[in-house]
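Order-wise, the sequence lines are chains A and B. All residue numbers for the first sequence refer to our numbering, where the first residue is 265 and numbers rise by one. All residue numbers for the second sequence refer to our numbering, where the first residue is 16 and numbers rise by one. All C-beta atoms, glycine included, are put in the ideal place defined by N, C-alpha and C. The block underneath contains the structure these notes are about, expressed in structure tokens.
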Amino acid sequence: MSERSLPEKPATDAPVSPAKGKGASKGKVAPRPQRIRGTLRLKTKATKLATSQAAAPERYADQTGLKRTTSRGEGYVRLRVRVGEDGGASVVDSHFVESTLVQPSAIFGNFVYEVTEGDKRLHLDSIPDLGVFRSFVNPEGPLEERQHHMYELKTYEFDVRVPARDIAAAVLSKVVITLYRMKEARAAMPAGIQPLHVQYQRELREVARVEGVPAKILPEAVQRLRGNQKLSGRK
Amino acid sequence: MPDSVTQIRNAGPVGSKRNLAILGDGFADADQTTYNNWVQNTVLGGVFANDYFYEDGSAWNIFRVNLTSNTSGVSQRTYNADGTIASTTLKDTALGMIFSGSWSHCWMEYGTGTETAIQNALKKWVPDYDFVLIILNEPGYGGCGGGGRAHVTTGDGWTVIAHEFGHGLGGLADEYCNSGAYTSGEPGAVDLTVNTDRSTLKWGNFVDPTTPIPTGSGNCSDYNQGTKPATWDDNQDVGLFEGGGTKNTGIYRPVINCRMNSNTPPYCTICYTSFKRQYDTYTGHTFLRCYASDFNGDGRSDVLVHSGNSIQTFRSNGSQLDLIFSAVERVPGSWQFQPNDQFFIGDFNGDGKDEVAVFNGVDWIMPYLGLLEDDGSGGLRLTARYDGDIPGWGGFAKNDLFYVGDFNGDGKQDLFVFNGADWSMPYVGMLRSNGSSFTCIERFDGDIPGWGGLAKNDKLYVGDYSGNGKADLFIFNGDDWSMAYVGMFRSTGTDLQMTARYDGDIPGWGGLARHDKLYVGDFNGDGKADLYIFNGDDWSMPYLGMFRSTGTGLQMAHRYDGDVPGWGGMARHDQFFPADINGDGKTDLFAWNFEDWVTEYLGRMISGGSSLTASFIGDWVGEWNLGAVDRFEPCNFQGGTIRPPRGARGKPDLFVHNQDWFGMIRGNPGFALQKIYYRWIHNYRYGRNW
């Protein structure tokens, strides 16, 4: 590789002949407009304006024509999971959502779910509040009512999100949804890359688990995606 | 009226935000305005207008589902003392909820079809909800929360709902006391503990070492272990107070009085920080785009932070920043924020306070220019907007570049605009501020007389080089011609007149070159803007020149070959930020280099009028780890005494920022870190969030 070999500047009191490169030198007036990208594209002729202006409206109409930021087909599946009285869990519903999906960087709250395929995490998220109802405090009631009245639910449901591409590519029988209870919260609990049960053995306790996601419950958009992948797989 | 949904807060794509669905029950056709107003006043104007939820509003999409009930009000049920139903009066409502007003029955309950009706409404209108707020058209007090839902009445105030959100969205525990002793193990919630060991206390990093642990002992205690300091803040100062989780003893809460205790105070330090950590990912906040400004005209630099479709402004009190304004999606007027908004700060109405011009040529199908001004309560609102064009400019385009300067000397800053990329010829425009709007008063098509043709790579610099109070223009071009040029264009207030053109050289500089970089500043304090020129690329060593303005031309005052004394050697990638660092009315330079040496250097080059004296600091400024990702904004967050003559403001300080960190660096008499923030700007009474 050759080193840069550059000249020193002339002394401040030395006469200078400017170094000329390629192209034209400036003249007294502007050169004629150049065509760019094949088209001569000029602004409309400028006109002098009256100085008085109409008063601005109190409120402008909303800006319109926002360009699309989510690429077509990008999305995720939302699975509804029901936990029964016996602690058994199953996927009861699903639908496709066209949107980018953020992977949380940390876990928190009273419950956390994780979706895995083998050792690979497909998604996780925290659930602050699950399986319980609280009546609001009665500020004017007797002492016993100046607190929440708690009702534990025998069955409850929660929602799970999984990137559509990941679940479309997954072996569904190996997909596991695990719901954990936060037994002991730490101030900061990064999501990390290892499965949660490995990282947070001490802090989390498994509450329910779904092993395998039935293909028939997945939304049509994902089933189509799975079909396409199978076809391309055979070729 | 058919059912519908109104997204009342659009923070971003549903998968990158948390989504709050609001459903109403018992609101008939005639009640829809009542419903809308309640949501507006209580949810947006209450919960989301205060402390944590105001600050992190950009994490939340809010959907108001407009369900029309056939009758007004909800079904009612009364209970006998033994808990049996005394009476039920059913109404035909959208969700079929029944209000009882009975604490032991959660104040309300579901009718036979309620769960299905809720599910159907959510599936249809807000299929990716995270949390559901159900509002009963019922004036009585009461509410029932849990399982990702909160059910409230129109009789509930926003502070009650904010407390409930602490449970439902924050996973926080109650911090109030009611009766009895706690006898179980360590609670999972972040705001309660049974641990009295300072060294392992889960919120121990927020407890001042001088604060006794426990701080309050005994039945639902206040501060009773020693004398409570006079400056103690019952809501924000953290200690260890017995009583919480509804129990009087055996368990501890972090502060005397939090929103999770008595609803009305803000969330305490621990609850606030827990919320911040939980939802930080969803806010989209970063410190990449920060703008120094003075929104209240107190002489101290505030900061505007733009992230995606939200902005926040933080006010300096001289030593720290505090949140003043937070806007998601839009400000009234309206301007809808987008990731590629460009902000230009200036006093456009001459009131001594800064306003914001904002341009977006990328995110919409047409470019927009807006002017945001003080809304009277510390926030911003749109006062003028130009959709696609401002009359006379002939159409905004993607690569329009704006420059702030008061070109007519009326005390209101104006805008120059240049476009060298989108048309068949380059254009320069002069947009005069009328205080609350702009008018394009002049346009130069392809040339400013004498310049010999505007060109694609012309670079514009604003400065009053003639010293007449009107902002003039320097133009440099090192790319488009066979030699490099500098032009000087004096503003007449309505026009630009070339007063000098330097072809290939400014006497004494030894030749203008392609990579010359210009910095404008009045380095001799004579009221005329001068030029610094740096070149680190085109010669065998870096050069820095000082060129004094004569009012119509430039005269070299000094040239530094390879070094400015005290800087330890100029290098190829030196960067400069003009600023009056020592407040003597002469523009100095902050210098920065992160590329050419084994460590990063931040320097001060103080102007003596015709020469510079440099000093520097390497690697760290206090706790700030200087790095390649850092960006700097010269400012004056200290305010006060440093205010040079001629109304110009000294800028002795720097805001330094990158993706995750924000710092306040004092630059005079030497560099010192005033404050450092990670991920969010919050002034903890003790401790920090990292």
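| Check | Outcome |
| --- | --- |
| B:LEU569 at chain A interface by Cβ criterion, 9 Å | no |
| At least three beta-carbon pairs within less than 8 Å, the stretch 396 to 406 of chain A to the stretch 464 to 474 of chain A | no |
| Any 3 or more C-beta pairs closer than 8 Å across the stretch 271 to 283 of chain B and the stretch 674 to 693 of chain B | no |
| From B:GLY27, B:ASP421, B:SER331, B:GLY468, residue whose alpha carbon lies closest to that of B:SER322 | B:GLY27 |
| Limits of the beta strand (DSSP E) - the one that B:ASP460 falls within | 453 to 460 |
| B:CYS286 in three-state terms, based on DSSP | helix |
| Every unbroken beta strand (DSSP E) inside the stretch 444 to 477 of chain A [3 residues or more] | 468 to 475 |
| Straight-line Cα distance separating B:ILE548 from B:GLY467 | 22 Å |
| Where the beta strand (DSSP E) containing B:ILE23 begins and where it ends | 19 to 24 |
| Reduced DSSP secondary structure (H/G/I, E/B, other) of A:ALA432 | helix |
| Bridge partner(s) assigned by DSSP for A:ASP389 | A:TYR377 |
| Residue environment, B:THR57, which counts as buried when at least 16 other CB atoms sit within 10 Å | buried |
| Cross-strand partners of B:TRP635 (DSSP beta bridge) | B:ASN640 |
| Neighbourhood of B:TYR517 by C-beta, 8 Å cutoff - its chain only, sequence neighbours within 5 removed | TYR500, VAL501, GLY502, LEU527, LEU569 |
| 6 Å Cβ shell around A:MET265 - same chain, five flanking residues per side excluded | Only weak support exists for where A:MET265 lies, its pLDDT of 42 falling under 50; the coordinates are left without a value. |
| Integer Cβ distance of B:LEU395 from B:LEU384, believed to fall under 8 Å | Going by Cβ atoms, the distance from B:LEU395 to B:LEU384 rounds to 15 Å, so no, they are not a contact pair. |
| Extent of the continuous beta strand (DSSP E) to which B:HIS178 belongs | No beta strand (DSSP E) contains B:HIS178, which is instead part of the alpha helix (DSSP H) from 173 to 183. |
| Element boundaries [beta strand (DSSP E), containing B:ASN34] | 33 to 40 |
| Limits of the beta strand (DSSP E) - the one that B:ASP337 falls within | 336 to 343 |
| Coarse secondary structure for B:ILE463, derived from DSSP in three states | coil |
| Which listed residue (B:SER199, B:ASP295, B:GLY181) has its alpha carbon closest to that of B:ARG694 | B:ASP295 |
| Three-state class that DSSP yields for B:TRP676 in the structure shown | strand |
| B:PHE491 versus B:PRO464: straight-line alpha-carbon distance, rounded | 15 Å |
| Three-way DSSP call (helix, strand, coil) for B:GLY88 in this model | coil |
| Contact set between A:ARG305 and chain B, taken where Cβ atoms lie within less than 7 Å | TRP438, SER439 |
| Cβ pair B:LEU627, B:GLY633 closer than 9 Å | no |
| Alpha helix (DSSP H) segment containing B:ALA572, residue limits | Not the alpha helix (DSSP H): B:ALA572 falls in the beta strand (DSSP E), residues 569 to 576. |
| Cβ-Cβ distance between B:ARG700 and B:ASP252 below 9 Å | yes |
| One or two residues paired with B:ALA63 in a DSSP bridge | The residue you asked about is not Ala; residue 63 of chain B is Phe in the sequence shown. Beta-bridge pairing links B:PHE63 to no other residue. |
| Rounded straight-line distance, which links the Cα of B:SER506 to that of B:LEU709 | No statement about residue 709 of chain B is possible, as the shown extent of chain B runs from 16 to 705 and does not include it. |
| Positions along the stretch 174 to 186 of chain B whose CB lies within less than 9 Å of some CB in chain A | VAL175, HIS178, GLU179, HIS182, GLY183, LEU184, GLY185, GLY186 |
| Same chain, Cβ closer than 6 Å to B:ILE149, neighbours up to 5 away in sequence not counted | LEU38, HIS166 |
| For A:ALA353, the residue or residues it bridges with in DSSP | A:VAL347 |
| Own chain, CB closer than 8 Å to A:LEU313, minus 5 neighbours either side, in chain order | Confidence in A:LEU313 is poor, its pLDDT being 47 and thus under 50, which makes the residue's placement too unreliable to answer from. |
| is_contact[A:GLN327, chain B] using C-beta, thresh 9 Å | yes |
| Residue environment, B:MET275, which counts as buried when at least 16 other CB atoms sit within 10 Å | buried |
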